[in-house]
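Note that the sequence shown covers residues 49 to 838 in this note's numbering.
Each remark here refers to the structure printed beneath this line.
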Amino acid sequence: MKKLLLNLFLCFGLLLQIQAQEKVTLNGYIKDASTGETLIGATAFITELGVGATSNEYGFYAVTVAPGEYTVEYAYLGFQSQVIKVDLRTNQSVDVELYEQATQIEEIVITSEPEDEQVTNIEMSVNKLDISTIQKMPTLLGEVEIIRSIQLLPGVSTVGEGATGFNVRGGSIDQNLVLLDEAPVYNSSHLFGFFSVFNPDAVKDVKLFKGGIPSRYGGRLSSILDVRMKEGNTKKFALNGGVGLIFSRLAVEAPIIKDKMSFIIAGRRSYIDVLAAPFLNEDQSDSRLYFYDLTLKTNYKINSKDRIFLSAYLGRDKFVFGDDAGFSWGNQTATLRWNHLFSEKLFANVTTYFSDYDYKLSFGDDSANRFDWDARIRNYSIKPEFTLFLNPKNLIRFGGQSIIYQFEPGRAVGVSEGEVRDISIDDKYAIESAVYIENEQDISDKIKINYGLRWSYFNYTGEGRAYTYGDAPAGFRKPVESFESFDQWESIQTYNNLEPRFSIKYQLNTSSSIKASYNRMAQYIHLVSNTTASTPVDIWTPSTNNIKPQIADQVALGYFQNFKKNTYEFSGEVYYKKMDNLVDYIDAADILLNEFLEGDLLTGIGRAYGLELMLKKNKGDFTGWISYTLARTERQVNGINGNEWYPSRFDQTHNFSFSGFYDLSKRWSLSSTVSVISGTPATFPTNRYEQQGYIVPHNAFNTRNNVRIPLYYRWDIGATLKGKERPDKKWSGEWEFSVYNVLNRRNPFSIFFRQANERALAGQPIATEAVRLSVIGNFIPSVSYNFKFN
Numbered sequence: 049m050k051k052l053l054l055n056l057f058l059c060f061g062l063l064l065q066i067q068a069q070e071k072v073t074l075n076g077y078i079k080d081a082s083t084g085e086t087l088i089g090a091t092a093f094i095t096e097l098g099v100g101a102t103s104n105e106y107g108f109y110a111v112t113v114a115p116g117e118y119t120v121e122y123a124y125l126g127f128q129s130q131v132i133k134v135d136l137r138t139n140q141s142v143d144v145e146l147y148e149q150a151t152q153i154e155e156i157v158i159t160s161e162p163e164d165e166q167v168t169n170i171e172m173s174v175n176k177l178d179i180s181t182i183q184k185m186p187t188l189l190g191e192v193e194i195i196r197s198i199q200l201l202p203g204v205s206t207v208g209e210g211a212t213g214f215n216v217r218g219g220s221i222d223q224n225l226v227l228l229d230e231a232p233v234y235n236s237s238h239l240f241g242f243f244s245v246f247n248p249d250a251v252k253d254v255k256l257f258k259g260g261i262p263s264r265y266g267g268r269l270s271s272i273l274d275v276r277m278k279e280g281n282t283k284k285f286a287l288n289g290g291v292g293l294i295f296s297r298l299a300v301e302a303p304i305i306k307d308k309m310s311f312i313i314a315g316r317r318s319y320i321d322v323l324a325a326p327f328l329n330e331d332q333s334d335s336r337l338y339f340y341d342l343t344l345k346t347n348y349k350i351n352s353k354d355r356i357f358l359s360a361y362l363g364r365d366k367f368v369f370g371d372d373a374g375f376s377w378g379n380q381t382a383t384l385r386w387n388h389l390f391s392e393k394l395f396a397n398v399t400t401y402f403s404d405y406d407y408k409l410s411f412g413d414d415s416a417n418r419f420d421w422d423a424r425i426r427n428y429s430i431k432p433e434f435t436l437f438l439n440p441k442n443l444i445r446f447g448g449q450s451i452i453y454q455f456e457p458g459r460a461v462g463v464s465e466g467e468v469r470d471i472s473i474d475d476k477y478a479i480e481s482a483v484y485i486e487n488e489q490d491i492s493d494k495i496k497i498n499y500g501l502r503w504s505y506f507n508y509t510g511e512g513r514a515y516t517y518g519d520a521p522a523g524f525r526k527p528v529e530s531f532e533s534f535d536q537w538e539s540i541q542t543y544n545n546l547e548p549r550f551s552i553k554y555q556l557n558t559s560s561s562i563k564a565s566y567n568r569m570a571q572y573i574h575l576v577s578n579t580t581a582s583t584p585v586d587i588w589t590p591s592t593n594n595i596k597p598q599i600a601d602q603v604a605l606g607y608f609q610n611f612k613k614n615t616y617e618f619s620g621e622v623y624y625k626k627m628d629n630l631v632d633y634i635d636a637a638d639i640l641l642n643e644f645l646e647g648d649l650l651t652g653i654g655r656a657y658g659l660e661l662m663l664k665k666n667k668g669d670f671t672g673w674i675s676y677t678l679a680r681t682e683r684q685v686n687g688i689n690g691n692e693w694y695p696s697r698f699d700q701t702h703n704f705s706f707s708g709f710y711d712l713s714k715r716w717s718l719s720s721t722v723s724v725i726s727g728t729p730a731t732f733p734t735n736r737y738e739q740q741g742y743i744v745p746h747n748a749f750n751t752r753n754n755v756r757i758p759l760y761y762r763w764d765i766g767a768t769l770k771g772k773e774r775p776d777k778k779w780s781g782e783w784e785f786s787v788y789n790v791l792n793r794r795n796p797f798s799i800f801f802r803q804a805n806e807r808a809l810a811g812q813p814i815a816t817e818a819v820r821l822s823v824i825g826n827f828i829p830s831v832s833y834n835f836k837f838n
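Encoded structure:
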């Protein structure tokens, strides 16, 4: 394998030498003229040759052509295009600044990509939401929500209000790699999933890969959510924020050295605790109910070839109810990146990051009787990446990554009658590495392909014990037979996988195309949790000698068409995904403080398949989209459901969504979203028995997900009133009004059973009854005020 990769790199090096003969390169950065922010996905198009290039994640572009005089058009959606003449006798660097369009009537609000990008781009199963679109959505308690906006896209869903994260094409939440400036975020939610950890004032770009995932991404089975932060205004001081019903936000950005160094700092903090304080009694006076996050980024342009970025995130949720109980969780990330231009065509980025996620529980009414539990996952990484703009027909990317993991499965400190007891599970360690190479190639005017290969390697290491488990009847806990102790960083178990990726696009005509893709993904870390709970009680564990890495193979086929000069876009995709080594657990598994958790885990296979349809209107006073997903996702695990296939917890057959935006006037705009989703599967008892006068429900046949909870339906509306525009006015503001769950529907999150209050007849046993748990059972009106100062 190493020899194969070396030969590939040598071949590409030879190609580079050949291409350098009698060719010149035009390169540079494409930026926003008002802020200095680089523009991702902007185009540089050479009119005479009909070729061009697209700017990468750092706004850099490069196009190699024969020497000559050319007309180059620079364009980015929502911005005025710029045309310049260049005399390309030798290599040239040209940085271009584009100005935002004065009118927004013709702006495509669904995506910030070129108008025909859906049809001409090689990418499929990819959605890119513009921040301006997200900010037009109806708010919840005054806040727009990035994750909730993503859930309105085809193939994306959630198991209900109160569930953290999101599900993509039947996958679980841990099968999504959520990146914030390339650092993984292990819990992307505040307040039990109602808000995301991403402050929209600090976000620059949001891109979701559901399939056709390029080789440069890896580590998860279902999706990649790549969130890029703003870099900070390099031109002038700017301030924006908002005041809502339960929290406020503020973002400040400014140049430190104009056009060379800048920063942005953005923060949010809820004041639920302040609002609730007058209504709490004396026993509840110590309650703390809040969440916050802080985002910081700075960048420095060292010279024309080097630039560094430093970004950080800190966020936490804390909910303590008097002295009785409490829980909290939080993410921390830090990313340092260095951009370097080795030559006119070779762009490099080296990233190092730190990511930490911890979660805590506490129970007890006083200091003499108390129980505190905490766990975390922490990792460090370095990732060198290279982009070679070989020629207008070949864009080559290659690089690698190494990640060091530290898993803390749990530690509990118990205080009983003044006696302290400390119980902890040994930490686990692992190292994950990968190398990749991919090429995006134009075969002809009609055919474009992207092909690549990723090789991943995982090493589960000491310090710690590795257990060997014996056999047990299906569905029962496996007993420990023996164990072996290992020293720090001593290898316990290794895995490696080849992950081929391939995509192809065939251009039918100027307005339609057909695309197909295949990708294999490997995932080496796993999340074990009670998926029906709305609290973040999660255990992350690595692949071990007893738990194999999850593997997924996915194929997809799609048809894409634009209508009426790109006013309308239609896309239709079908996909099939096969998954191996999926982790589940036996009934009544012990998740917390279980040193032998692997004995409670089961592994099996899965399959997911579906149809995704989407129709978007991009121009005019009314814009928006309608999407529909028809899908199934099933699993087969020995020891569950009689070893037969059963619907997974994330199986939602029908998923319909609508998002609409209407510009009523220059100052008033309206918005509305609708979600109609099939109920998720749930496990109900198959029989019951009487014990000591009580009816006890029982799942005698070990069935799994044998019923469905009722349909999920929600309608939200919003209205925005902008302040009067004045040419010399630096301060601007707008009022946002919204109603969440207009129809006042009590959407069920889960169903549980409890004892009925009374006996049906004298002398009869006390029965049980099913109870619907709804996290939100009412409509929620809200009002907020947003402001900007430039």
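For each residue, glycine too, the CB sits at the ideal point set by N, CA and C.
Bear in mind the structure is a predicted one, so any value in this text is a computation, not a measurement.
query, result
"Residue 87 - DSSP class collapsed to helix/strand/coil", "coil"
"Beta strand (DSSP E) segment containing residue 117, residue limits", "116-123"
"Backbone CA spacing between residue 70 and residue 390 [nearest angstrom]", "19 Å"
"Collapsed DSSP secondary structure at residue 829 in the structure displayed", "strand"
"Touch test, the segment 171-185 against the segment 246-253, Cβ-Cβ under 8 Å, three pairs minimum", "yes"
"Interface flag, residue 631 vs chain D, CB-CB below 8 Å", "The structure shown contains no chain D; it is built from a single protein chain."
"Ordered list of alpha helix (DSSP H) runs contained in the segment 563-615, each at least 4 residues", "none"
"Cβ shell of residue 226 (< 6 Å), same chain only, five flanking positions each side left out", "233, 236, 273"
"Sequence-distant residues of its chain with Cβ nearer than 8 Å to residue 503 (five each side left out)", "49, 53, 482, 483, 484, 544, 545, 546, 547"
"Inter-stretch contact at 8 Å, needing at least 3 Cβ pairs: the segment 597-611 / the segment 557-570", "yes"
"Per DSSP, the bridge partner or partners of residue 556", "Beta-bridge pairing links residue 556 to no other residue."
"Other residues of its chain near residue 653: CB distance less than 6 Å, five sequence neighbours each side excluded", "628, 684"
"C-alpha gap between residue 398 and residue 773, whole angstroms", "43 Å"
"C-beta atoms of residue 510 and residue 535 nearer than 8 Å", "yes"
"Collapsed DSSP secondary structure at residue 288 in the structure displayed", "strand"
"Nearest residue (CA-CA) to residue 455, options 427, 276, 378, 753", "427"
"Alpha-carbon to alpha-carbon, residue 540 and residue 565", "36 Å"
"Where the alpha helix (DSSP H) through residue 180 begins and ends", "179-182"
"Rounded C-alpha distance that separates residue 469 from residue 461", "6 Å"
"Exposure label - residue 166; buried when at least 16 CB within 10 Å", "buried"
"Residue 97 versus residue 838: straight-line alpha-carbon distance, rounded", "41 Å"
"Touch test, the segment 262-273 against the segment 603-618, Cβ-Cβ under 8 Å, three pairs minimum", "no"
"Cβ-heavy atom distance, residue 560 to the ligand ATP, below 7 Å", "Summarising the ligand content, the structure contains no ligands, and the ligand ATP is consequently not present."
"Residue 288 vs residue 835 beta-carbon contact at 8 Å", "yes"
"Residue 756 vs residue 793 beta-carbon contact at 8 Å", "no"
"Residue 480 versus residue 130 - alpha carbon distance", "45 Å"
"Delimiting residues of the alpha helix (DSSP H) encompassing residue 165", "165-168"
"N- and C-terminal bounds of the alpha helix (DSSP H) containing residue 194", "194-198"
"CB contact flag (residue 660, residue 621, <8 Å)", "yes"
"Cα-Cα separation between residue 74 and residue 558, rounded to whole angstroms", "27 Å"
"Residue 100 and residue 112 closer than 8 Å at C-beta", "no"
"Contact check, residue 784 vs residue 187, beta carbons under 8 Å", "yes"
"Extent of the continuous beta strand (DSSP E) to which residue 303 belongs", "295-305"
"Spatially closest choice to residue 902 from 420, 551, 593, by CA coordinates", "A question about residue 902 goes unanswered here, because the residues of the chain that appear run from 49 up to 838."
"Own chain residues within Cβ distance below 6 Å of residue 208, not counting five before or after", "797"
"Cβ neighbours of residue 242 in the same chain (closer than 7 Å, five flanking residues each side left out)", "188"
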